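Report on the following structure.
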Amino acid sequence: MRRPPSPDRVRPRRAVACGGIAALALSTLVPLSGASADEVSDLGTASDYGASSSATGLQAESSATGAWFVQTGGTPTVQGGSPSVNTRSADAAVDEAEDLGLDVEVRETYSQLWTGFSAEMSDHDAAVLAEADSVQAVFPVMTVALPPDTASAETPEMVSALAMTGADIVQSELGFTGEGIRVGILDTGVDYDHPDLGGAGDGTSFPTERVTHGHDFVGDDYNADSSSPDYQPVPHPDDDPDDCYGHGTHVAGIVGASGDPAQDEVRGVAPGVTFGAYRVFGCGGSTDTDIMLAAMEMSLADGMDVLNMSVGAGFASWPQYPTAVASDNLTAAGMVVVASIGNDGELGTWSAGAPGVSNSAIGVASFDNTAFTTNVFATSPDGATYPYTTASGSPVIPTSGGAPLAVPAAGEEEACAPLTGDFTDQIVVAFRGTCPFYDKAFNAQEAGAAGVVLANNVPGLINPTVEGEPAITIPVASVSLESGTALVAAIEAGEATDLEWTDELSSEPSPTGGLISSFSSYGMTADLQLKPDLGAPGGQIWSTIPLENGGYGSMSGTSMSSPHVAGAAALMLEARDVTPAQVKDLMRNTADPALWALSPDLGLLGPAFRQGAGLLDIDDAILAATSVTPSGLSLGESEAGPVTETLTVDNAGDQPVTYAVSYEDAVATGGDPDNPSFFSAPSTVEAPETVSVGAGESTSFDVTISPNADLELSQYGGYVVLTPEEGEPVRIPYAGFAGDYQSLPLMTDIGAGLPTLGSLAECERFIGVDCVMGGSYNLEPEGTTYTMKDGDVPTMLVHLEHPAQSLELTVYASNGGERGAQFGPTATFLAEDYLGRHPGDQSFQPYTWDGRLDSGSAHGQRSSDWRVPDGDYIVEITAVSALGDAANADESQTVYTSEFTIDRNDNGNPWWETAIQMLAVPFHLWDDVFCAITGVCGPGHGGGR
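Its first residue numbered -1, the sequence shown is counted upward by one per residue in our numbering.
Following this line, the structure appears as structure tokens:
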């Protein structure tokens, strides 16, 4: 059995110096009572609840930036490393790249939290540099997008969000406001002129008394989104972190706005904090993760106590990613790091991203707010009104005008197929279910509709998303089941013929309040660490936005839940002398898990690897006298049998406590990660029935957990519960994988024969031969010829169904369609570690080869720019399972492309070009070249496949 490595744990300090390890009241492990049934119950799939992902046609993943992190020797300075040693190590890697003839353009250098640099270079050059003596690893720089600017007139009371987490009690009854605590906001900047954030509202200059530190790393025009018409990847930094987008100001307001709610202003979680504003976005679009890492280093230099990062790279689910490692080092340096876990929940499982997947940072899920005020639309001639929410990805819904109402024909109520009939300039009412929301909106749009009203298929309102390609260009509103049923009945009775958009507002309790938000991402991490850690309100949150945009607005996302936890951390740091690890432990111990959001009436808890420990309860965390470590259990895979963990209970109070030990099971998931299946599958948990711990003392006990014996290849989880005779229970979430994690499929064909050869159809921007902007690809048959001109190079299209530890592409000569000679010891032209899965059942990643190889070393010769001669080739693609052993064939997958031809003389290229290329072949590779050209290969070249 493989289990994730345990991070260092810090035991919480005791309020009383005396004490010791007390004996257990009962040392015998006994089965605990949990769920009432032992069998596995199939609860259906995400698509049964209208929550699965979708794609129209093959979609290339757009994570390629043409830039790479290069990890070099040395030790981060926060771990006691030397800046000069780190600099020399980075310089040595740059020098070695030059010696190899690589085209490497350095962008950022790092020393405090991570050692190395980021640089622009081709995939080929990155693969060669990864093998250099001075380099430890390379990672792709990823593009991180902000959610659409969805600030709207939906105005949930921030007061209700504060009440959900107990922050109102901490402020009003305990008297803490976060005073003296510095909170960094790594985001789009902060409108420091906003009166609720300490500004005067009339042109305040930076810095201010509340926004005391900050920097703009990019400038207004910066946008790393290569698919955007506003693409501008060159940063123009300055010292003014003003916010021209709104996201960062909204986040800062949740953390610590100090307005008066009675005056329709915003009061945040910790209104006494001061801020550092680290702007990594322009006025829209995306940023790159290497810029985020530079901002993280500055937050350390500025002495922030807490850093909030409401940004992250979705599906970058490995804690080894540089921004996650930097988060670990920030935490080790004494900073509480809080990060959103991601908004990709409707794209399926294994969707959590860095830096939220960091071992030490607090990765935060989103829960829907309990109350909000929202727009309504009216119908005529009956005059009825209906409250609605705006779907994420929808254009802004107007506050006037309208159109006739229409209901699809019988059998098409869910709009999951192209609609029959003419819906031109009508507003279509479609019910949730069977297919994703995007499909419904797209089908209505294709039928000529002027708008869509999505009706829930279970009680209450939802926060749907219609984001996708091509974009939805018509307004999409969402109503409750009750409203949808009434609306359809009125339409069919002729009582409601037209819809009118209005500017009227309606105060509504949220039927999904206190449940996990539909967009919140699933864990665990790729190496089976329990993530997220806990959750906070993130659905429909009212907060500050820049004054020029109206001053206040509503947004939804884990971007909004993360600052609730960052503000709560500030309250705790003011209230108690605690370390970052203790902050996390106490928050997880006292959180409250919620019912499964897709069907709360079943009474089952939602997946522990989606909500973590549950909803933040900050007043209980501050007042807690007892803590349990570890505060979360990552159980790994179960194929070797039950897992036993030791839990330590620290009682810092002045009274002994006896706890009854029990457990609560949670929903499990398995199957297709894009459309996961859900199960009720009670685990087996053994532990002492009671545990006693004296005042000022600690005690430890073992807990043994195994998944349901009938649960196969699924994530499972739940909560060990310690219930005192008086007071609140203490919970420890656990999660693991049932079965052999290494047997999950890696490269799958997605119905298109992948992995397969492809060719570039179009591209707007290249780095080397790598398309990093506006790329589309064609599938190619066996025998395809590549001219190696204008991007016409061998391209391998790969879909990863699950995370992979590594992916390698190695070129061989084709020997009559079978694998022939490998070109020396360095024929691997691409090697990438720690890959996340590709979301969507139609997504793939293109990997290109420009015909160059590193020639290796012999007779004093080496060249990374050696081009193989024209001929026939095959590429071997090997993926290693997430926790697999590359040497074990059962834990990796190897496939081969069909034969393809490189012919540089095609399309009129001069014949002598190949002749010159032949003269450049290193002497020690002539045997490989002879094999490739003639097909006559010696025994050392191996046989077929």
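We treat Cβ as the ideally placed atom computed from N, Cα and C, and that holds for glycine. Since we're looking at a predicted model, the values are computed, not measured.
- Counting only runs of 3+ residues, the beta strand (DSSP E) found wholly inside the region 481 to 549 occupies 494 to 507, 532 to 537 and 539 to 542, in chain order.
- Around the beta carbon of aspartate 93, fewer than 16 other beta carbons sit within 10 angstroms, so the residue counts as exposed.
- DSSP places glutamine 443 outside any beta strand (DSSP E); the residue lies instead in the alpha helix (DSSP H), whose first and last residues are 435 to 444.
- Alanine 829 is bridged by DSSP to Glu806.
- Within its own chain, the residues whose Cβ lies closer than 7 Å to the Cβ of leucine 600, once the five positions on either side in sequence are excluded, are Trp594, listed in chain order.
- Beta-carbon to beta-carbon, glutamate 874 and tyrosine 810 are separated by about 6 Å, close enough to satisfy the 8 Å threshold.
- For valine 253, the enclosing alpha helix (DSSP H) covers residues 245 to 254.
- A Cβ-Cβ separation of about 7 Å places valine 665 in contact with leucine 41 under the 8 Å criterion.
- Of the residues Val68, Gly669 and Thr85, the one whose Cα lies closest to the Cα of threonine 75 is Thr85.
- Between the C-alpha atoms of serine 481 and threonine 329 there is a straight-line separation of about 47 Å.
- The beta carbon of proline 722 sits closer than 6 Å to the beta carbons of Val655 and Tyr657 from its chain, once the five residues preceding and following it are set aside; these are given in chain order.
- Taking a contact as a CB-CB distance under 8 Å, the pair glycine 244 and threonine 202 does not count as one, their CB atoms being some 17 Å apart.
- Residue environment: proline 743 is assigned as exposed (fewer than 16 neighbouring CB atoms within 10 Å of its CB, all protein chains considered).
- Here tyrosine 784 is bridged, per DSSP, to Ile900.
- In summary, glutamate 806 is buried, with 16 or more beta-carbon neighbours lying within 10 Å of its beta-carbon over all protein chains present.
- Boundaries around aspartate 40 are those of the beta strand (DSSP E), 39 to 43, since no alpha helix (DSSP H) includes it.
- The beta carbons of leucine 452 and arginine 430 sit about 6 Å from each other, so the pair counts as a contact at 8 Å.
- Assignment of isoleucine 425 by DSSP, reduced to helix, strand and coil, places it in the strand class.
- Going by C-alpha positions, methionine 290 is about 15 Å away from threonine 63.
- Judged by DSSP in its simplified three-state form, alanine 322 adopts helix.
- Here glutamate 643 is bridged, per DSSP, to Val701.
- A distance of 8 Å or more separates the beta carbons of glycine 751 and proline 844.
- Glycine 246 places its beta carbon less than 8 Å from that of arginine 277.
- Using a Cβ distance threshold of 8 Å, alanine 91 and valine 68 count as a contacting pair.
- In the DSSP assignment, asparagine 357 falls outside any alpha helix (DSSP H) and carries neither an H nor an E.
- Rounded to whole angstroms, the gap between the alpha carbons of glutamate 799 and threonine 175 is 46 Å.
- Fully contained in the region 654 to 721 is no alpha helix (DSSP H) run of length 4 or more.
- With a cutoff of 8 Å on beta-carbon distance, asparagine 587 and serine 632 are scored as not near each other.
- At the C-beta level, tyrosine 739 and glutamate 635 come within 8 Å of one another.
- Note that the region 354 to 367 touches the region 322 to 342; at least 3 beta-carbon pairs, one per stretch, sit closer than 8 Å.
- DSSP places proline 385 outside any alpha helix (DSSP H); the residue lies instead in the beta strand (DSSP E), whose first and last residues are 383 to 385.
- About 6 Å separates the Cβ atoms of valine 267 and alanine 566, confirming a contact at the 8 Å cut-off.
- For the 8 Å CB-CB criterion, alanine 638 and leucine 614 do not form a contact.
- In terms of Cβ geometry, phenylalanine 827 and tyrosine 871 do not form a close pair [threshold 8 Å].
- Note on geometry: alpha-carbon atoms of proline 535 and proline 731 lie some 19 Å from one another.
- For histidine 213, the enclosing beta strand (DSSP E) stretches over residues 209 to 214.
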